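Chemist: The numbers in the sequence shown follow our numbering, run straight up by one, and end at 180.
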Amino acid sequence: MTSISKSPKATPAAISRLKKAFSSGPGTTLQSGWYWIRAVASPNFHKYLQTKPANAPGTAILESYKTAGQYNVKNGQLVANTGEGNAPLYLHVEKPADLANPPRTLGTSFNTTENTFGTFAFQGDALTWSVPDIKRQNLAAWLVCKDQALFINTGAYGYQTPSGCSDQTIHYYNDAHANE
Numbered sequence: 001m002t003s004i005s006k007s008p009k010a011t012p013a014a015i016s017r018l019k020k021a022f023s024s025g026p027g028t029t030l031q032s033g034w035y036w037i038r039a040v041a042s043p044n045f046h047k048y049l050q051t052k053p054a055n056a057p058g059t060a061i062l063e064s065y066k067t068a069g070q071y072n073v074k075n076g077q078l079v080a081n082t083g084e085g086n087a088p089l090y091l092h093v094e095k096p097a098d099l100a101n102p103p104r105t106l107g108t109s110f111n112t113t114e115n116t117f118g119t120f121a122f123q124g125d126a127l128t129w130s131v132p133d134i135k136r137q138n139l140a141a142w143l144v145c146k147d148q149a150l151f152i153n154t155g156a157y158g159y160q161t162p163s164g165c166s167d168q169t170i171h172y173y174n175d176a177h178a179n180e
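Printed below as a string of structure tokens:
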């Protein structure tokens with residue numbers, strides 16, 4: 001005769017761990033101390049900064065307000081809010097092999113460790129990135145390229161833009177909800 005054992009009951013601690021493992025991020029209402037970050041010029045007007053995949057390490061992109069992430073600059077780091085009880089993500093900037101002659105685009109991605117190359121800051125509402133080793137004409141110059149991926153623009157804003165990319169500046173926005 002086969003016996004059927006009872007399923008173990010889920011403890012509050014186990015439920016909490018599962019909720020954290022399947023977190024959908026901070027939600028669609030702006031949390032206190034955080035900002036939306038979005039582009040304000042065509043062709044990416046009101047496209048919002050986010051991680052791909054959502055709320056996990058991966059490529060930094062500008063995409064729909066419906067999936068916008070929440071961010072702040074803390075101690076020179078651009079920090080992503082991944083939801084209550086979850087570890088934050090940090091925006092990383094690709095370090096070129098030749099700092100004296102960097103490529104026009106420096107890739108960006110989110111990771112669980114702090115960025116070790118450069119410093120983020122808000123100048124007014126514009127998000128900037130700088131590093132002493134690379135001289136940039138506009139610290140707020142970004143590029144959005146294939147698949148909406150976000151890059152640091154090491155060249156002049158609006159001049160000799162790489163094929164397949166668009167010049168952007170990105171700015172914080174602090175309304176309760178991201179919108180178009």
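From the three backbone atoms N, C-alpha and C, an ideal C-beta is built for every residue, glycine too.
Quantities reported herein were computed from a predicted structural model and do not represent experimental measurements.
If we ignore side chains and look at the alpha-carbon of each, how far apart do V73 and S163 end up?
Modeler: In the sequence shown, residue 73 corresponds to position 73, counting from 1. In the sequence shown, residue 163 corresponds to position 163, counting from 1. Near 30 Å, if we compare the C-alpha coordinates of S163 and V73.
Chemist: My assumption, with CB atoms under 8 Å, is that T82 sits in contact with G25. Please give the rounded CB distance.
Modeler: As a position in the sequence shown, residue 82 is number 82, starting the count at 1. As a position in the sequence shown, residue 25 is number 25, starting the count at 1. So it is a contact: roughly 6 Å between Cβ atoms.
Chemist: Based on Cα-Cα distance, which residue from I152, Q160 and E180 lies nearest to L139?
Modeler: One-based indexing of the sequence shown puts residue 139 at position 139. Answer by Cα proximity: I152.
Chemist: By Cβ distance, which residues of its chain are closer than 6 Å to H92, with the 5 residues on each side in sequence left out?
Modeler: As a working mapping, residue 92 is identified with position 92 in the sequence shown. Around H92: S109, N111 and N115.
Chemist: Suppose only complete runs of 3+ residues qualify. What are the beta strand (DSSP E) ranges in the segment 101-132, listed by chain order?
Modeler: You should have 105-111, 119-123 and 126-130.
Chemist: For the beta strand (DSSP E) that contains N154, what are its first and last residues?
Modeler: As a first step, residue 154 must be located in the sequence shown, where it is residue number 154. Looking at the sequence shown, residue 154 is not Asn but Thr. Neither: T154 is in no beta strand (DSSP E) and is coded neither H nor E.
Chemist: Once you ignore the five residues that flank N55 on each side, which residues in its own chain have a CB closer than 6 Å to its CB?
Modeler: For the purposes of this step, residue 55 is taken as residue 55 along the sequence shown, with counting starting at 1. Excluding positions up to five away in sequence, the list reads G25 and T82.
Chemist: Quick check: the Cα distance between N174 and R104, rounded to an integer number of angstroms?
Modeler: Taking the first residue of the sequence shown as position 1, residue 174 is located at position 174. Taking the first residue of the sequence shown as position 1, residue 104 is located at position 104. Near 31 Å, if we compare the C-alpha coordinates of R104 and N174.
Chemist: Using three-state DSSP, classify T169 as helix, strand or coil.
Modeler: Stepping through the sequence shown from its first residue, residue 169 is reached at position 169. T169 falls in the coil class under three-state DSSP.
Chemist: Rounded to the nearest angstrom, what separates H171 and D125 at their Cα positions?
Modeler: For the purposes of this step, residue 171 is taken as the residue at position 171 of the sequence shown. For the purposes of this step, residue 125 is taken as the residue at position 125 of the sequence shown. If you take the alpha carbons of H171 and D125, they lie about 5 Å apart.
Chemist: Roughly how many angstroms lie between the CA atoms of T119 and C145, to the nearest whole one?
Modeler: Indexing the sequence shown from 1 puts residue 119 at position 119. Indexing the sequence shown from 1 puts residue 145 at position 145. Approximately 22 Å between the Cα atoms of the pair.
Chemist: Identify the continuous beta strand (DSSP E) that holds G69 and give its terminal residues.
Modeler: Taking the sequence shown and counting its residues from 1, one reaches residue 69 at position 69. Element bounds for G69: n/a, residue is neither H nor E.
Chemist: If you compare alpha carbons, which of A80, G85, V40 and Q50 is closest to T67?
Modeler: For this step, residue 67 is matched to residue 67 along the sequence shown. It is Q50.
Chemist: What did DSSP end up calling K146 once you bin it into helix, strand or coil?
Modeler: Here residue 146 is taken as the residue at index 146 of the sequence shown, counted from 1. Here K146 sits in helix by DSSP.
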